[in-house]
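Enquirer:
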Amino acid sequence: MRCGFVALIGAPNAGKSTLLNALVGTKVAIVSHKVQTTRTRLTGIAIADETQLVFIDTPGIFKPRRRLDRAMVKAAWQGSDDAETTVLLVDARKGLTDEVSAILDTLADAGQTPILAINKVDLVKRDSLLALSAALNERVDFAKTFMISALSGDGVDDLRTHLAQLAPEGPWMYPEDQVADITLRLLAAEVTREKVYLNLHDELPYAISVETEAFEERRDGSAKIEQVIHVERDSQKGMVIGKGGSMLKKLGAAARAEMQEMWGHKVHLFLHVRVTPNWGDDKGMYRDIGLDYVD
Ligand SMILES: Nc1nc2c(ncn2[C@@H]2O[C@H](COP(=O)(O)OP(=O)(O)O)[C@@H](O)[C@H]2O)c(=O)[nH]1
Ligand SMILES: [Mg+2]
Numbered sequence: 161m162r163c164g165f166v167a168l169i170g171a172p173n174a175g176k177s178t179l180l181n182a183l184v185g186t187k188v189a190i191v192s193h194k195v196q197t198t199r200t201r202l203t204g205i206a207i208a209d210e211t212q213l214v215f216i217d218t219p220g221i222f223k224p225r226r227r228l229d230r231a232m233v234k235a236a237w238q239g240s241d242d243a244e245t246t247v248l249l250v251d252a253r254k255g256l257t258d259e260v261s262a263i264l265d266t267l268a269d270a271g272q273t274p275i276l277a278i279n280k281v282d283l284v285k286r287d288s289l290l291a292l293s294a295a296l297n298e299r300v301d302f303a304k305t306f307m308i309s310a311l312s313g314d315g316v317d318d319l320r321t322h323l324a325q326l327a328p329e330g331p332w333m334y335p336e337d338q339v340a341d342i343t344l345r346l347l348a349a350e351v352t353r354e355k356v357y358l359n360l361h362d363e364l365p366y367a368i369s370v371e372t373e374a375f376e377e378r379r380d381g382s383a384k385i386e387q388v389i390h391v392e393r394d395s396q397k398g399m400v401i402g403k404g405g406s407m408l409k410k411l412g413a414a415a416r417a418e419m420q421e422m423w424g425h426k427v428h429l430f431l432h433v434r435v436t437p438n439w440g441d442d443k444g445m446y447r448d449i450g451l452d453y454v455d
C-alpha cells in the first residue's frame, strides 16, 4: 500500500480546483472564472490501484493586500510544505506572468523539484507549449512536465498515475470511500459562496463570506440549513438580495439544488444577508474555514 500527499499550487485562476475535482473524479472544490475563489486549503482524496493520493488544493499565490489575502497565500505555501510532492499549475494561455515568475523564484530558492503541469492546453496552439515549457524549466528544476486540460480531462490520468508511482509506501490516511476532508457545514457554505461568485459581478464576491449557522439532519433524512451571507456594506446587501428578493432566491435555489444532488436527499436552505463590516478581521471566521489568523 502507498499513500502520498500532493499539493496543487499556482497563480489564481490557473485551474487548481478544477484539477483537484478531475483528479478525485467528483466535485470537492468550488470553481469559478473569478480569481481567489478558493480561500483555504482543501483536501481531495483519490485512489489509483493500491495508492491513496491526498491532494491539497490551495488558494492562489499572489501579492496579498488584505488580511484574508495574506492568510490565503500563507495557507498555499503551507500546503506545499506539508506535501511530499508539489505540482505547479500554469495557465498555458497566460504563460509566464509576473505572478508565475514570483512563484518560480520561491520554488527555486526552496530547492524543490516540483512537477510542472501546464494547464488549459485546450485554449492554445500546440507549438506555443514547447516554448513555454522550456522557459519555465529554465527557471526551476522541474522533475517532470505534463500538458493537461483539467477541464476536458486531457492528460489528467497520466498525471495521476505518475503521482501514484511517486507516493511512498505506507498505510492509507483516510477510509477508502472518503473523497474530501471538509465538514458538511463548510462544504455547504462553499457551495453557496460559489453561487454568489457565479451570479454576482465585479468586486462583490470578494466582499462576501458565507457562514453555515445551523445544520440539522432531520429524522426524515432531509437537512435544514441556515446560512448567513456576510457583506461589508449596506449597498452590497441590496445587491445580494436583489429586486424583491429575486437574487437571493436565485442563489438559494441554485445552492439547494447542488446540495441535494451532492447528498442525494432533500435540503431546506434558509439564506440570510447580514452587514458585517469587518468580517475579514473576525478571528472566528478564519478558524471556521481553516485558515491561520495572520497579522
Ligand atoms: N478552457 C479551460 N478552462 C479551464 C481549465 N481548467 C480550469 N479552467 C477554468 O479556469 C477558471 C478557474 O478555474 P479554478 O479551478 O477555479 O482555478 P483556481 O483559482 O486555480 O482554483 C474556471 O473558469 C475554470 O473553468 C482548462 O483546462 N481549460
Ligand atoms: Mg481554486
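If you use my numbering, the sequence shown corresponds to residues 161 to 455, in order. We treat Cβ as the ideally placed atom computed from N, Cα and C, and that holds for glycine.
Under 8 Å from any heavy atom of ligand 2, does the C-beta of SER177 make it?
Expert: Result yes, Cβ under 8 Å from ligand 2.
Enquirer: In three-state terms, what does DSSP make of MET307?
Expert: Of the three classes helix, strand and coil, the one that applies to MET307 here is strand, per DSSP.
Enquirer: Less than 9 Å between the C-beta atoms of THR218 and SER240, yes or no?
Expert: The answer is yes: Cβ separation under 9 Å.
Enquirer: According to DSSP, what are the bridge partners of VAL370?
Expert: Paired residues: ILE389.
Enquirer: What residues in its chain sit with their C-beta under 7 Å from that of LEU283, if we drop five residues either side in the sequence?
Expert: Hits under 7 Å: ALA252 and ARG253.
Enquirer: Looking at C-alpha atoms only, which residue of GLU336, LEU451, GLY170 and ASP337 is the closest neighbour of VAL250?
Expert: Ranking GLU336, LEU451, GLY170 and ASP337 by Cα distance to VAL250 puts GLY170 first.
Enquirer: Determine the extent of the beta strand (DSSP E) in which ILE169 is found, giving its start and end residues.
Expert: It spans 162-170 - the beta strand (DSSP E) in which ILE169 sits, taken as one unbroken run.
Enquirer: Across the stretch 299-307 and the stretch 256-273, are there enough close Cβ pairs to call them in contact, namely three or more that are closer than 8 Å?
Expert: A contact exists between the stretch 299-307 and the stretch 256-273.
Enquirer: According to DSSP, PHE215 sits in a beta bridge with which residue or residues?
Expert: DSSP output for PHE215 lists VAL166 and GLY204 as bridge partner(s).
Enquirer: State yes or no: is the beta carbon of THR218 nearer than 9 Å to at least one beta carbon in chain B?
Expert: The structure shown contains no chain B, having only a single protein chain.
Enquirer: Relative to the alpha-carbon of TYR104, which residue among ASP362, ASP229, VAL391 and PRO328 has its alpha-carbon at the smallest distance?
Expert: Residue 104 falls outside the range modelled here, since the chain spans only 161 to 455, and no answer is possible.
Enquirer: Determine the contact status of GLU392 and PRO437, defining contact as a CB-CB distance below 9 Å.
Expert: The answer is yes: Cβ separation under 9 Å.
Enquirer: Give the range of the alpha helix (DSSP H) segment to which HIS322 is assigned.
Expert: It spans 316-326 - the alpha helix (DSSP H) in which HIS322 sits, taken as one unbroken run.
Enquirer: Got a sec, what are the start and stop residues for the beta strand (DSSP E) ALA277 sits in?
Expert: It spans 275-279 - the beta strand (DSSP E) in which ALA277 sits, taken as one unbroken run.
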